[in-house]
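Residue numbering for the sequence shown follows full-length UniProt numbering, beginning at 1 and increasing consecutively.
By construction, the Cβ of each residue, glycine as well, lies at the ideal position given by its N, Cα and C atoms.
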Amino acid sequence: MGNDDQRKNEAYTTIRIQKKSGKKRINIDLRLKIDTGAQSDILPVNLYKKMFPEHMTEGDKVKEGILTPSDVILTAYRGTRIPQLGKTTITGTHKGKTIKCSFYVTILGLNTCKKLNIVSINAEVKAAPSRIDRDMPIKDRPPITNKEELISMYPECFDDTVGCFVKCRYHITVDPNIKPIVHPPRRVPLELKEKLETELDRMEKKEIFTKVTRPTDWVNSIVIKEKPNGTLRICLDPRDLNKALKREYHPIPTLEEITPSLAGSKLFSKLDASKGYWNIKIDKESSMLTTFNTPFGRYRFNRLPFGLKVSQDVFQRQIDETYQGCKGAIGIADDIQVHSKDETTHDFNLHEAMEKTRQAGIKLNADKCIIKAKECKFFGIIYSAGGVKPDPAKVEAIRDIKDPKDRKELRSFLGLIHYMGAFIPKLADHTANLRELNKDDVEFDWCALHTGFQNNQKIHQ
């Protein structure tokens, strides 16, 4: 195989290493050659020096105690021996995930390593963007190239604490005519009891829950769900409490309202509000309403729980107020989409949205954030420079849905269809029989006349 052909078949990846240099943070982008046949990863000493000059002596030797001694014998292709100084482990990020890489630091120079075809590495060392000061004008803020730079500029938006809307402490209003209900603690499987106690303690330390020792009118049940990582998610079961709550009915932006704003945009960034409703604190009187029973005593929520019929309205109102005036940002629930027609405008819009996020006290989930994509999925619709189309997952949901068994399921089915109505030709004609069946004065009798909408109806994609 010739050198040109060989180079065409070589694969590379880049990991980012961030380290402090004085008061600044330095980003090191390390480009690595992928060799699936290699049993060890090596780093030439001159490249190690470039990355970590503080680890070197004045005589250009690695300081004692920096590297882990190793007796491993390294050999290249055809048995050429590679002398090494020791082993080092470097922590970096790759595609948003933190990884640890172990390297043997070799005495051979980079050119020799390349000639032996055992490594092809280069590193770009540059200063990470500094934290953006709140007083810096939006128009003067630097471009945002990737997620790592965004986090460096707004680190307080990405820490591991639970966010809190600084200007909101919500009061839950109840109907005094509804009689409070007290639920006894539900049985918890023996194998989950210890995990439940651990999670309750953790939530209490984070000030999401508070232990309750005084009498309360309402005592709710909880639903426990085990996560893939083995920890528990504790959810309030507010079925009875919801009957007593007064809802404020804040409108959620519709597809017809958001599509004109996003139409024509070529760049999209997604900001994901971490912990959703928990960004809203509730006052003590409201907190007592959320009291719930466990085998380890009663607790109450200090943050707005998931499942309350008021939660969606309250949270959406806070999102709307937070990003009001941001022409390039639209928020629905915990999904904030930043969009623009060009990169300069996108940087401005993204900085503006991030500053609003910081001032509001919201925390973001870095893993779910997306920066400067060519398209975005936003509540069942895909937007791009090429136009608007339905999310294939939504299309499949319509095609795979089972025949409704009652009027409640029919209404859910019709809601899904009408949401995608812009992509369904002659929607009114095709749903006439279904809408007739949905009337309260019509007996619900699903028959062949109603079957087959999913299969017969073509959705424009």
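Span separating the alpha-carbon of residue i from that of residue j
i: H430; j: P404; result: 16 Å
i: I17; j: K50; result: 13 Å
i: residue 471; j: N242; result: Shown here, the chain extends from 1 to 461; a query on residue 471 therefore has no answer.
i: K167; j: I282; result: 12 Å
i: P425; j: H418; result: 11 Å
i: E149; j: P143; result: 9 Å
i: T68; j: I26; result: 24 Å
i: A123; j: H171; result: Residue placement at A123 is poorly supported in this model, since its pLDDT is 44, which falls under 50; the coordinates still yield a value, given next. If you take the alpha carbons of A123 and H171, they lie about 54 Å apart.
i: E197; j: F296; result: 7 Å
i: S412; j: A428; result: 17 Å
i: P137; j: E355; result: 10 Å
i: K363; j: D159; result: 7 Å
i: T14; j: P53; result: 21 Å
i: A360; j: I319; result: 9 Å
i: S130; j: E375; result: 28 Å
i: D334; j: G86; result: 47 Å
i: V62; j: T89; result: 15 Å
i: H250; j: P260; result: 21 Å
i: C101; j: C157; result: 28 Å
i: D406; j: L267; result: 43 Å
i: F378; j: I330; result: 10 Å
i: Q337; j: D71; result: 53 Å
i: R81; j: R202; result: 53 Å
i: V174; j: H346; result: 44 Å
i: A366; j: S265; result: 23 Å
i: V188; j: R169; result: 33 Å
i: R358; j: G415; result: 36 Å
i: H339; j: G325; result: 14 Å
i: I234; j: K309; result: 18 Å
i: E343; j: A373; result: 11 Å
i: L289; j: P184; result: 15 Å
i: F103; j: M420; result: 52 Å
i: E436; j: D135; result: 59 Å
Residue i - DSSP class collapsed to helix/strand/coil
i: K284; result: helix
i: C326; result: coil
i: N27; result: strand
i: I234; result: strand
i: K304; result: In the sequence under discussion, the amino acid at residue 304 is Leu, which differs from the Lys named in the question. Note: L304 maps to coil in three-state DSSP.
i: Y277; result: helix
i: N229; result: coil
i: K211; result: strand
i: T98; result: strand
i: P390; result: strand
i: K195; result: helix
i: F378; result: strand
i: V395; result: helix
i: K243; result: coil
i: V174; result: strand
i: T216; result: coil
i: K19; result: strand
i: Y419; result: helix
i: R169; result: strand
i: T68; result: strand
i: T259; result: helix
i: S152; result: helix
i: S120; result: Residue placement at S120 cannot be trusted, given a pLDDT of 44 that sits under 50; the coordinates are not used to answer.
i: I144; result: coil
i: I332; result: strand
Assumed close pair residue i, residue j - CB separation to whole angstroms, cut-off 8 Å
i: T106; j: I66; result: T106 to I66, Cβ: 15 Å. No contact.
i: G92; j: L47; result: Not quite, the Cβ-Cβ distance comes to about 14 Å (not below 8 Å), so this is no contact.
i: G307; j: L190; result: At roughly 26 Å, the Cβ-Cβ gap does not stay under 8 Å, so G307 and L190 are not in contact.
i: D313; j: E409; result: Contact doesn't hold; Cβ gap of about 25 Å is too wide.
i: Y299; j: F444; result: Their Cβ separation, rounded to whole angstroms, is 42 Å, which puts Y299 and F444 out of contact at 8 Å.
i: I371; j: K97; result: In fact, because the Cβ distance is near 15 Å, the residues do not count as touching under 8 Å.
i: S311; j: Y277; result: 5 Å
i: N293; j: V219; result: 5 Å
i: T216; j: T291; result: 4 Å
i: I332; j: F165; result: I332 to F165, Cβ: 17 Å. No contact.
Residues that residue i bridges to, as DSSP identifies them
i: M56; result: V62
i: S269; result: V338
i: A373; result: F268
i: P44; result: T106
i: Y299; result: K211 and F292
i: T75; result: R81
i: T89; result: S102
i: G163; result: DSSP, once it has assigned bridges, lists no residue as partnering G163.
i: I224; result: I234
Query raised in the report: Using 8 Å as the threshold, is the segment 222-236 in touch with the segment 347-355, meaning 3 or more CB pairs across them?
Result: With the cut-off at 8 Å, the segment 222-236 and the segment 347-355 do not touch.
Query raised in the report: Do the segment 250-257 and the segment 270-282 meet, that is, are 3 or more Cβ pairs less than 8 Å apart?
Result: No contact exists between the segment 250-257 and the segment 270-282.
Requested in this report: Would you be able to state if there are at least three C-beta pairs under 8 Å between the segment 177-196 and the segment 387-402?
Outcome: Contact between the segment 387-402 and the segment 177-196 is absent, because fewer than three Cβ pairs lie under 8 Å.
Query raised in the report: Do the segment 178-187 and the segment 387-395 touch if we need at least three Cβ pairs shorter than 8 Å?
Result: Verdict: no, contact absent.
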